[in-house]
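Engineer: Counting in numbering that gives the first Met the number 0, the sequence shown runs from 0 upward without gaps. We put the beta carbon where it would ideally sit given N, CA and C, even for glycine. Bear in mind that the values here come from a model prediction, so they are computed numbers and not experimental data. Questions regarding the structure given below will be posed in turn.
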Amino acid sequence: MLRPLRLEDVDRVLELEVTLFGLGAWTRGMYENELSTPGRTYVAVEEDGVLVGYAGANLGEESHVMTIGVAPQARRRGYASRMLSELMATARRHGATSMLLEVRADDDGPQGLYRRFGFEQIGVRPGYYQLEGADAVVMRAPLAAPPGLPGDEPPGRNPPRPPTA
Ligand SMILES: CC(C)(COP(=O)(O)OP(=O)(O)OC[C@H]1O[C@@H](n2cnc3c(N)ncnc32)[C@H](O)[C@@H]1OP(=O)(O)O)[C@@H](O)C(=O)NCCC(=O)NCCS
C-alpha cells in the first residue's frame, strides 16, 4: 500500500536508514525537518502493515529526488517503481518540467531503475558522498505535462471554433 510518509514513521525509517544508506544515513532531525518543510513530497510503502519503503522529492520547476529506499527483504517487487511514479506525478502536478537525482556511480542497481523511468546521465559529481568517498552520477528525466493541461496541444494548432449559425 502506497501512502504519504508521516512524522510518526520516522522511528521506523531510522531503523532502515543505516541498512539502506550506511554512512550516508540521514538523522532524525533531517527527516523531521524534511517532513515539516513545505514544497516537499514524501511517500511510504507498507507491506502487511509494516513500512518497507520510503521516498521523497522536493518540488519546483526542476524537482529533485531526495531519497528512495526499500528494505532488503521487500526488493524487486516494484515498490521503488511505484514510489518513483508517484513522486514524478506529484512533481508534474506542481509544475515541474524535469526531475533530477544523484545516485552512487558504483551502484548499477538503482541506475537501472532510474533509466526505466527516462532518467539519463547528465554529469558526475566526484566525491559527492564524502563520508564514503564515492562519486555520484547526476541523472535527469523530462516530465511531460499531464494530458489535457494547457501546453499539451501540438504547436500551431488552433482550438476548434464554435459552429456558426
Ligand atoms: C534501489 C532500490 C530503491 C530499488 O528498490 P526496489 O523496490 O527493489 O525496485 P523495483 O522492484 O521497483 O525495481 C524495478 C526495476 O529496477 C531495476 N532494479 C532495481 N533494483 C535493481 C538491482 N539491485 N539491480 C539491478 N536492477 C535493479 C530492475 O530493472 C527492476 O525490475 P525487475 O525487478 O523487473 O528486474 C533498492 O534496491 C534500495 O533501497 N537500495 C538501497 C538504497 C539505494 O541505493 N537507494 C537509491 C539511492 S539513489
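Tell me, please, whether the CB atom of Ala104 is closer than 8 Å to any CB atom in chain B?
Structural biologist: Among the chains of the structure shown, chain B does not appear; only one protein chain is present.
Engineer: Can you give me the start and stop residues for the alpha helix (DSSP H) that Gln110 sits inside?
Structural biologist: Its alpha helix (DSSP H) spans residues 107–115.
Engineer: Closest by CA to Ala143, which one among Gly55, Glu7, Ser97?
Structural biologist: Per the Cα distances, Ser97.
Engineer: Just checking, does the region 6–14 make contact with the region 30–47 on the three C-beta pairs under 8 Å criterion?
Structural biologist: Counting Cβ pairs under 8 Å, three or more are found: they touch.
Engineer: Would you mind working out which of Tyr78, Trp25, Leu6 sits nearest Leu130, comparing C-alpha positions?
Structural biologist: The candidate whose alpha carbon is nearest that of Leu130 is Trp25.
Engineer: So, Glu101 versus Arg124, is the Cβ gap smaller than 8 Å?
Structural biologist: In this structure, Arg124 lies closer than 8 Å to Glu101 by Cβ.
Engineer: Measuring from the CB of Ser80, is there a heavy atom of ligand 1 at a distance below 7 Å?
Structural biologist: Yes; taking the cut-off as 7 Å, the Cβ of Ser80 has a heavy atom of ligand 1 nearer than that.
Engineer: Please state the DSSP three-state secondary structure of Pro37.
Structural biologist: Looking at Pro37 - three-state DSSP - the assignment turns out to be coil, as it is neither helix nor strand.
Engineer: Where do the ends of the beta strand (DSSP E) carrying Leu99 lie?
Structural biologist: Per DSSP, Leu99 belongs to the beta strand (DSSP E) from 97–103.
Engineer: To test your reading of the DSSP string, which unbroken alpha helix (DSSP H) runs of 4 or more residues are found completely within the region 1–36?
Structural biologist: Counting only runs of 4 or more, we get 9–20, 27–35.
Engineer: Any idea if Val17 is buried or exposed, counting beta-carbon neighbours within 10 angstroms, 16 or more meaning buried?
Structural biologist: The residue is exposed, with fewer than 16 neighbouring Cβ atoms inside 10 Å.
Engineer: Verify the contact flag: Asp107, CB atom, against every heavy atom of ligand 1, threshold strictly below 7 Å.
Structural biologist: Because some heavy atom of ligand 1 lies under 7 Å away, the Cβ of Asp107 counts as near it: yes.
Engineer: Under 7 Å: does the beta carbon of Gly55 sit that close to some heavy atom of ligand 1?
Structural biologist: No, the beta carbon of Gly55 sits no closer than 7 Å to any heavy atom of ligand 1.
Engineer: In the structure shown, what three-state DSSP assignment does Leu130 receive?
Structural biologist: Reduced to three states, the DSSP call for Leu130 is coil.
Engineer: Give the C-beta separation of Gly126 and Asp134 to the nearest angstrom, bearing in mind that I take them to be a contact with Cβ-Cβ under 8 Å.
Structural biologist: Contact flag correct, Cβ pair sits at about 6 Å.
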